[in-house]
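In the working numbering, the protein residues as written are 8 to 384. Worksheet: one structure, shown below.
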């Protein structure tokens, strides 16, 4: 444990990280430029490339007496560049040009995404002050506390309901108003909530849900309608699980316009010849939609579903503005902020890791679908 903490103490500060990575990229790019001038064929040159791309950066780090973890980063970078060099067999200078164009993006990606991810993962196994390794204690705390389990279940509920309802509503709207009179006006009306921030939408819906005593004047639209119909005012943001569903409705209201625009454009891209051929074969409108339109917009459906799913997983603004997580409405992103504000950095990082793990399958699925579409084209 002492060795591990000593190793953590040798990690560079955030201000030093871009400098270190920039030096590595410059050294390896220069090295590969020289390698590209050498003959490309034969196992001997493959071995030379492997040694140069891995050993040379490691040697430079040792000479510069840099940080321990930076040696690992240099080795990983060297292996990555060697793999790219191994695949670039179509012309001399190809990899050098690739590195020249991608090095700024790679630098930003590593400094802004990879390193924070590693640091957050390490922090999730530390105590609140980040001074002691506690193993899985933070994760065990999350899944043994009723509030923690409720937070994770609420997040899953958001992912199950919001993407499905938003996509179905957007698709139905896109189909019904397609090529109708006033189509542009109807689209603008549905898409308008997308121009409002989540905080603004939350404030609007907070007024809609506001409840006053039954004998008083109602200022909330929904409760006023209930009173007119002879009912009693309902505390939409206090009664569980009704309050969670009320919050999810806000995201659906915002995201339906996004789904409608994307799917409407996809529907217009379906070949008219296929629809006409199906109609001549005696297919009903529903059969034409199910057998021609839906398969034609499948890729767009995947994009819409995965995009809204990721938005549902990391939703924060709506919950924080409307309930601040009270009355069993908290989600992972809100709880991550709450724990950090309470100086529980380890638990906050653990929530962040759980959120990362939940998002990754959706991202991987989306990437695979995009790859499949490219192969078909």
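Positions of the beta carbon are idealized from the N, C-alpha and C atoms, including for glycine.
Residue burial classification, residue i (beta-carbon count within 10 angstroms, cutoff 16)
i           : result
residue 278 : exposed
residue 342 : buried
residue 253 : buried
residue 212 : buried
residue 350 : exposed
residue 133 : buried
residue 354 : buried
residue 378 : exposed
Cβ shell of residue i (< 8 Å), same chain only, five flanking positions each side left out
i           : result
residue 296 : 182
residue 192 : none
residue 7   : Absent from the structure is residue 7, since the part of the chain shown begins at 8 and ends at 384.
residue 155 : 148, 149, 342
Residue i versus residue j: straight-line alpha-carbon distance, rounded
i           : j           : result
residue 270 : residue 311 : 8 Å
residue 347 : residue 157 : 19 Å
residue 292 : residue 189 : 22 Å
residue 340 : residue 147 : 18 Å
residue 331 : residue 356 : 19 Å
residue 281 : residue 287 : 10 Å
residue 358 : residue 290 : 51 Å
residue 380 : residue 150 : 39 Å
residue 368 : residue 233 : 42 Å
residue 139 : residue 352 : 12 Å
residue 322 : residue 245 : 19 Å
residue 374 : residue 120 : 18 Å
residue 334 : residue 243 : 11 Å
residue 200 : residue 187 : 22 Å
Own chain partners of residue i with C-beta closer than 7 Å, once the 5 adjacent residues on each side are dropped
i           : result
residue 209 : 257, 324, 325, 328, 329
residue 360 : 127, 128, 131
residue 173 : 259, 262, 263, 266, 315
Same chain only: Cβ atoms within 6 Å of residue i, ignoring 5 sequence neighbours per side
i           : result
residue 177 : 263, 266, 267, 270
residue 206 : 324, 328
residue 104 : Residue placement at residue 104 is poorly supported in this model, since its pLDDT is 49, which falls under 50; the coordinates are not used for a value here.
With three or more beta-carbon pairs closer than 8 Å as the criterion, would you say the stretch 192 to 205 touches the stretch 215 to 228?
Not touching, per the Cβ criterion.
Only counting runs of 4 or more residues, tell me where the alpha helix (DSSP H) segments fall wholly within the stretch 191 to 236, in order along the chain.
Within the stretch 191 to 236, complete alpha helix (DSSP H) segments of at least 4 residues are found at 205 to 216, 228 to 235, given in chain order.
Pairs of beta-carbons, one from the stretch 290 to 309 and one from the stretch 317 to 327, closer than 8 Å: are there three or more?
Contact annotation: the stretch 290 to 309 does not touch the stretch 317 to 327, with fewer than three C-beta pairs closer than 8 Å.
3 or more residues per run - each beta strand (DSSP E) lying fully within the stretch 127 to 168
If only complete runs of 3 or more residues are kept, the stretch 127 to 168 shows no beta strand (DSSP E) anywhere.
At a cut of 8 Å, does the stretch 157 to 166 reach the stretch 302 to 309 through at least three beta carbon pairs?
No, the stretch 157 to 166 is not in contact with the stretch 302 to 309.
Fully enclosed by the stretch 286 to 360, which alpha helix (DSSP H) runs are 4 residues long or longer?
Within the stretch 286 to 360, the alpha helix (DSSP H) runs of at least 4 residues that lie entirely inside it are, in chain order, 292 to 295, 305 to 320, 324 to 329, 339 to 348.
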